[in-house]
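Novice:
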Amino acid sequence: MNSGSINELPSDADWEQWLARHAPALLLFARQQASSEADAQDLVQEAVVESWRRQSQGGPPPLALVYATVRRRAIDLARQDERRAQRETAAHLEAPSCWFDRGVDQGERGLVIQKAMGKLPEIYRDVITLKIWSGLTFREIGEALEIPANTAASRYRYGVAELRKLTREVFA
Amino acid sequence: MNDHQMERYEAELRRAKPAPPPESFMERLRASKLDPEPARPHQSTAAPARAKASWLRWLAPAMAAAVVVATVARVATRPSSQHPVASNDPPISALAYGLNADGVRVDQELVSSYDVVAELPGGEPVRFRCRKWKDKWVVTDTNRGVEIEEDSPRIEVMPVRLETY
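Taken in order, these protein sequences are the chains called A and B. Under the numbering used here, think of the first position of the first sequence as 1, with each following residue one higher. Under the numbering used here, think of the first position of the second sequence as 1001, with each following residue one higher.
As structure tokens, this is what we get:
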């Protein structure tokens, strides 16, 4: 990454490298927040551009900020369209798309996890997604979800335990 | 679940990789590389936010004035057939502008979207969702072969109560 000056823009290489690294997990998180694939993609694009733009030194934004922006935009979107109730129920029962890679030996695993994640309460699902697939620390998760780090950690433990029960048939 | 079981299960979960985004979406993301616009540091303290929000007081009158000006301009550039004129003199609009617009196109472009946090006089925090638009008008007079383009910025502000978060 280039050393930044005020308002310096990322180079094409930096930009594409950052997107390639983080876009899959960001889209995974957005898909869980949105009621459609199109909404999820719009959320990621808007959050990424806005977060980069906020960086006065031209470097990449903190991941926690990007995830927090995705989440806030999802809430705004749901409120605007009066779809909040749908977002919390139907969106996860009727998943907009496949959340996980369907490579060899991964298809079944991904579907089982996606289905189980859809049954988890949102407060657990968000923390698990950010910890497992986005690689955030509990402090960063706390910043992204606007909760204390300790709360994030305890939700994670409860959530993983619940998820394990739901996937017991596949993961012995 | 003990720590060992937990670690094993976490490793199983990590083996499932997030689905790769559609290539069309990645193309869109790459293309959205930032425009050269002054960076806005994220501010969440109330005092700077109050200063920032002070200009919002001028927003409503400014928008009202802009609407009036736009309406007057539109009426003035309307074709003369819509203005019954008693005499044979050309309409005032034609004299003033020398144009008889027969085509008007209006485009909107979202330039940026950001949040401002402020505090109401009672101390209640409120978040404003701000969107900056660029409105573009194109007026065409095909008889004279004239096309006039005009851009104007517009700011849309939507208050959102923090307590709902």
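Note that beta-carbon positions come from the ideal geometry of N, C-alpha and C, so glycine has one too.
What residue from A:F29, A:P61, A:W52 has the CA that sits closest to E122 of chain A's CA?
Specialist: The residue you call residue 122 of chain A lines up with position 122 of the first sequence. Nearest option by C-alpha distance: A:F29.
Novice: Helix, strand or coil: how does DSSP classify D14 of chain A here?
Specialist: Counted from its first residue, the first sequence places residue 14 of chain A at position 14. Here D14 of chain A sits in helix by DSSP.
Novice: Here's the rule I'm using: 16 or more other beta-carbon atoms within 10 Å means buried, otherwise exposed. How should L1110 of chain B be labelled?
Specialist: For the purposes of this step, residue 1110 of chain B is taken as the residue at position 110 of the second sequence. Burial call: exposed.
Novice: Identify which residue in B:A1064, B:E1010, B:A1073 has its Cα closest to the Cα of V1139 of chain B.
Specialist: By 1-based counting over the second sequence, the position of residue 1139 of chain B is 139. Residue B:A1073 is the option with its Cα nearest to V1139 of chain B.
Novice: In the structure shown, what three-state DSSP assignment does V1138 of chain B receive?
Specialist: The residue given as residue 1138 of chain B occupies position 138 in the second sequence. In the structure shown, V1138 of chain B sits in a strand (DSSP, three-state: E or B).
Novice: Could you check whether the Cβ of K1132 of chain B sits closer than 8 angstroms to any heavy atom belonging to the ligand MG?
Specialist: As for the ligand MG, it is missing from this structure, which has no ligand bound.
Novice: Among B:T1142, B:R1131, B:I1148, whose alpha-carbon lies nearest the alpha-carbon of I1155 of chain B?
Specialist: Stepping through the second sequence from its first residue, residue 1155 of chain B is reached at position 155. Per the Cα distances, B:R1131.
Novice: For R981 of chain B, which of helix, strand or coil comes out of DSSP?
Specialist: Because residue 981 of chain B is not part of the residues shown, which for chain B are 1001 to 1165, the question remains open.
Novice: Identify every residue that forms a DSSP beta bridge with Y1114 of chain B.
Specialist: Mapped onto the second sequence, residue 1114 of chain B falls at position 114. According to DSSP, which records beta bridges pairwise, Y1114 of chain B is partnered with B:C1130.
Novice: Could you check what DSSP says for F100 of chain A in three-state terms: helix, strand or coil?
Specialist: Translated into positions along the first sequence, residue 100 of chain A becomes position 100. F100 of chain A falls in the strand class under three-state DSSP.
Novice: Return the CA-CA distance between L27 of chain A and L1029 of chain B, expressed in angstroms with no decimal places.
Specialist: By 1-based counting over the first sequence, the position of residue 27 of chain A is 27. By 1-based counting over the second sequence, the position of residue 1029 of chain B is 29. Between L27 of chain A and L1029 of chain B, the C-alpha separation is close to 12 angstroms.
Novice: If the criterion is Cβ atoms closer than 9 angstroms, does the pair L120 of chain A and G159 of chain A meet it?
Specialist: Looking up residue 120 of chain A in the first sequence gives position 120. Looking up residue 159 of chain A in the first sequence gives position 159. Closer than 9 angstroms, so yes.
Novice: Three or more beta-carbon pairs under 8 angstroms between the segment 1004 to 1016 of chain B and the segment 151 to 168 of chain A, yes or no?
Specialist: At 8 angstroms Cβ cutoff, the stretches touch.
Novice: Does the Cβ of N1100 of chain B have 16 or more other Cβ atoms within 10 Å, making it buried, or fewer, making it exposed?
Specialist: Translated into the one-based positions of the second sequence, residue 1100 of chain B becomes position 100. Buried, by the Cβ-count rule.
Novice: Looking at the C-beta of I141 of chain A, does it have a partner C-beta in chain B at a distance below 9 angstroms?
Specialist: Along the first sequence, read from residue 1 onward, the residue named residue 141 of chain A stands at position 141. I141 of chain A does not count as touching chain B.
Novice: How would you label D1003 of chain B, buried or exposed, when you count the other beta carbons within 10 angstroms and need 16 or more for buried?
Specialist: On the second sequence, position 3 is the one that residue 1003 of chain B refers to. Classification for D1003 of chain B: exposed.
Novice: Are the beta-carbon atoms of S97 of chain A and E143 of chain A separated by less than 9 angstroms?
Specialist: Along the first sequence, one-based indexing puts residue 97 of chain A at 97. Along the first sequence, one-based indexing puts residue 143 of chain A at 143. No, they are not a contact pair.
Novice: Mind checking whether R72 of chain A and D1115 of chain B have CB atoms under 9 angstroms apart?
Specialist: Start at 1 with the first residue of the first sequence, and residue 72 of chain A comes out as number 72. Start at 1 with the first residue of the second sequence, and residue 1115 of chain B comes out as number 115. The answer is yes: Cβ separation under 9 angstroms.
Novice: If I measure Cβ to Cβ from Q1108 of chain B and keep anything under 7 angstroms in the same chain, skipping five residues before and after, which residues do I get?
Specialist: Locating residue 1108 of chain B in the second sequence gives position 108, counting from the first residue. Answer for Q1108 of chain B: W1133, D1135, listed in chain order.
Novice: Since S1032 of chain B meets chain A, which of its residues come closer than 8 angstroms, beta carbon to beta carbon?
Specialist: Working through the second sequence from its first residue, we reach residue 1032 of chain B at position 32. Near S1032 of chain B (Cβ distances below 8 angstroms), the residues of chain A are Q45, V48, V49.
Novice: What does the alpha-carbon distance come out to for the pair D101 of chain A and A1016 of chain B?
Specialist: By 1-based counting over the first sequence, the position of residue 101 of chain A is 101. By 1-based counting over the second sequence, the position of residue 1016 of chain B is 16. Answer to the nearest angstrom: the Cα atoms are 7 angstroms apart.
Novice: May I ask you to report which of helix, strand or coil DSSP gives R1014 of chain B?
Specialist: Working through the second sequence from its first residue, we reach residue 1014 of chain B at position 14. Helix, per DSSP.
Novice: Tell me V1146 of chain B's beta-bridge partners as DSSP assigns them.
Specialist: What you label residue 1146 of chain B is simply residue 146 of the second sequence in a count that begins at 1. DSSP output for V1146 of chain B lists B:D1141 as bridge partner(s).
Novice: Quick check on V70 of chain A - is its C-beta less than 9 angstroms from some C-beta in chain B?
Specialist: Position 70 of the first sequence, counted from the first residue, corresponds to residue 70 of chain A. So no, V70 of chain A is outside the interface.
Novice: Are any of the Cβ atoms in chain B nearer than 9 angstroms to that of G118 of chain A?
Specialist: For the purposes of this step, residue 118 of chain A is taken as residue 118 along the first sequence, with counting starting at 1. Cβ-Cβ to chain B under 9 angstroms: no for G118 of chain A.
Novice: Helix, strand or coil: which one does DSSP assign to Q55 of chain A?
Specialist: Here residue 55 of chain A refers to the residue found at position 55 when the first sequence is read from its first residue. Q55 of chain A falls in the coil class under three-state DSSP.
Novice: K1134 of chain B CB to nearest chain A CB: under 9 angstroms?
Specialist: One-based indexing of the second sequence puts residue 1134 of chain B at position 134. Not one chain A Cβ lies under 9 angstroms of K1134 of chain B.
Novice: Grab me the residues of V1160 of chain B's own chain with a C-beta within less than 8 angstroms of its C-beta, minus the 5 sequence neighbours each way, in chain order.
Specialist: Numbered from its first residue, the second sequence carries residue 1160 of chain B at position 160. Closer than 8 angstroms at Cβ, skipping near neighbours: V1126, R1127, F1128, R1129.
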